[in-house]
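Residue numbers (this note's numbering): 207 to 710. Just so you know, even glycine gets a beta-carbon here, dropped at the ideal spot from N, CA and C. A quick note: this is a predicted structure, and the numbers were derived from the prediction, not measured. Below is one structure, written out as structure tokens, with a few remarks after it.
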């Protein structure tokens, strides 16, 4: 009896529209794969459950449980409708609406699909013979109780909907709620907004908190740049105009990807108190993730500027008592002597200074001043008149040839090399642009450092001219890749330049 009734009941349950709607669901699922990756998995799972429910209903009818079979059949139809409702909603919001130029928030899509689910459930209940009016009346009290109990959750959901509808916060925006909560918005869900901090932490913030409190947007699509301030102090004995001009000039000659070049960084005086002058460097930050690195590089450039100018950085102080007394030679004096000895050894290893005696090398080493540069710093610009020579202690210097509005990399020099000797000795304009590659430490020699030595021994000019002519020939051949024989002419011209510059 059971075996003969099962096929008949199955045929009674199965109807031709089922096959049509299932085919529509499969076609829509395939069409939605480019815009909704998991929609096909959702479709296959629910269609499989739909077929299982139909089969279970057929078995129940075959066993004489007609009411159970009818209920299972109704649930199967309900699932099939939910599949089609979700897919139609995705087609509208993911394919049709974007073509009209409107990009509604994802939460609006989910809420409207949920409303359609509720409407479909009520429709099926009505078809099943349930009086919806009595259902609503009987559940009014329960609804009020649930609404009161879930007021925080409902508030978060409505706040999340409002956040996305008014476009006040976007995915990718950087927000700051307090001094400790700063990060990138990675999710805006029904109940919460997720933020990824600089330390890799994920912070979940209730949407109602974002709507009730003050939220500062500090980066991302809504705020492409942000003004950052870095403070520093300088002794009151140094004219503020010199400090602001030197700092601004160095920063404007430096190229940093995370900092805007237009408008350029500015240096301002902000206060006179506690025995020092307070300055601030303001710059526009382009990458909110690089704020710490940008502030660090700005401070490094400020420090390098102070060392370059021979200034001393200061700190606020309320009271300072200083007593001076004669004291024996200390470790600091010994380190200073060792530093001079190191400079002397470095000079003696360079062919250009080979004509000098030991005493002259020692005197020249004592006049050398150390200077540090940060990555990207400009040491010299092609075409400018220079009166300094750089002896590289550590780091690298890149030599660039400027031509026709472009820049060609000629060479990269390292520890022990010297640059700028031709401009120093002859007063000629710089023939190349020099920039720092990474952190750079140099010893600097100025024209005045040679003045006394050449005045005491004018014959050194010829030796320097010969060495410079040979170095000039090597540099020209390396740059043009065309050997020539101009050493004698260059030596004569260089000697004339040296005698004229140093008035020999």
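What are the residues that DSSP puts in a beta bridge with residue i?
{"i": "residue 408", "result": "402"}
{"i": "residue 380", "result": "390 and 425"}
{"i": "residue 440", "result": "483 and 519"}
{"i": "residue 602", "result": "643"}
{"i": "residue 475", "result": "485"}
{"i": "residue 612", "result": "609"}
{"i": "residue 432", "result": "491"}
{"i": "residue 594", "result": "652"}
{"i": "residue 579", "result": "646"}
{"i": "residue 618", "result": "604"}
{"i": "residue 625", "result": "596"}
{"i": "residue 586", "result": "640"}
{"i": "residue 310", "result": "In DSSP, residue 310 forms no bridge with anything."}
{"i": "residue 333", "result": "None, per the DSSP bridge assignment."}
{"i": "residue 635", "result": "591"}
{"i": "residue 465", "result": "491"}
Measure the Cβ-Cβ separation of residue i and residue j and say whether it is below 8 Å.
{"i": "residue 411", "j": "residue 399", "result": "yes"}
{"i": "residue 460", "j": "residue 507", "result": "yes"}
{"i": "residue 598", "j": "residue 619", "result": "yes"}
{"i": "residue 239", "j": "residue 245", "result": "yes"}
{"i": "residue 496", "j": "residue 583", "result": "no"}
{"i": "residue 484", "j": "residue 439", "result": "yes"}
{"i": "residue 593", "j": "residue 652", "result": "yes"}
{"i": "residue 644", "j": "residue 615", "result": "no"}
{"i": "residue 275", "j": "residue 261", "result": "no"}
{"i": "residue 394", "j": "residue 404", "result": "no"}
{"i": "residue 421", "j": "residue 505", "result": "no"}
{"i": "residue 555", "j": "residue 567", "result": "no"}
{"i": "residue 712", "j": "residue 330", "result": "Nothing in the structure corresponds to residue 712, since the chain is present only between 207 and 710."}
{"i": "residue 621", "j": "residue 600", "result": "yes"}
{"i": "residue 442", "j": "residue 482", "result": "yes"}
Assuming residue i and residue j are in contact, meaning their beta carbons sit under 8 Å apart, how far apart are those beta carbons, in whole angstroms?
{"i": "residue 585", "j": "residue 642", "result": "7 Å"}
{"i": "residue 326", "j": "residue 288", "result": "7 Å"}
{"i": "residue 635", "j": "residue 591", "result": "6 Å"}
{"i": "residue 626", "j": "residue 596", "result": "5 Å"}
Between which residues of its own chain and residue i is the CB-CB distance below 7 Å, once the five residues before and five after are set aside?
{"i": "residue 232", "result": "249"}
{"i": "residue 617", "result": "605"}
{"i": "residue 319", "result": "291, 292 and 295"}
{"i": "residue 209", "result": "At residue 209, the pLDDT of 43 sits below 50, so the modelled position is not reliable; the number obtained from the coordinates is stated separately. Same-chain partners within the cutoff: there are none."}
{"i": "residue 452", "result": "511 and 515"}
{"i": "residue 433", "result": "488 and 490"}
{"i": "residue 281", "result": "259"}
{"i": "residue 655", "result": "570 and 573"}
{"i": "residue 444", "result": "517"}
{"i": "residue 549", "result": "571, 574 and 649"}
{"i": "residue 223", "result": "none"}
{"i": "residue 315", "result": "295 and 299"}
{"i": "residue 266", "result": "274, 275 and 278"}
Who are the Cβ neighbours of residue i in its own chain at under 8 Å, not counting the five residues just before and after it?
{"i": "residue 285", "result": "252, 255, 256 and 259"}
{"i": "residue 426", "result": "376, 378, 379, 380, 390, 391 and 494"}
{"i": "residue 322", "result": "291 and 295"}
{"i": "residue 462", "result": "500, 503 and 582"}
{"i": "residue 334", "result": "280"}
{"i": "residue 424", "result": "380, 381, 382, 388, 432 and 494"}
Kindly list the residues whose CB is nearer than 6 Å to the CB of residue i, restricted to its own chain and excluding five residues on each side of it in sequence; keep chain order.
{"i": "residue 512", "result": "519"}
{"i": "residue 608", "result": "588 and 639"}
{"i": "residue 579", "result": "510, 642 and 646"}
{"i": "residue 623", "result": "598"}
{"i": "residue 456", "result": "507 and 511"}
{"i": "residue 464", "result": "492, 493, 496 and 500"}
{"i": "residue 613", "result": "606"}
{"i": "residue 234", "result": "293"}
Shorter than 7 Å, the distance from the beta carbon of residue i to the closest heavy atom of the ligand NAP, or not?
{"i": "residue 649", "result": "The ligand NAP is not part of this structure, which contains no ligands at all."}
Item to complete: Decide if the segment 489 to 499 is in contact with the segment 466 to 481; the criterion is three or more beta carbon pairs, one per stretch, under 8 Å apart.
Response: Taking 8 Å as the limit for Cβ pairs, the verdict is that the segment 466 to 481 does touch the segment 489 to 499.
Worksheet item: Is the segment 294 to 313 in contact with the segment 252 to 271, if contact means three or more CB pairs nearer than 8 Å?
Response: no
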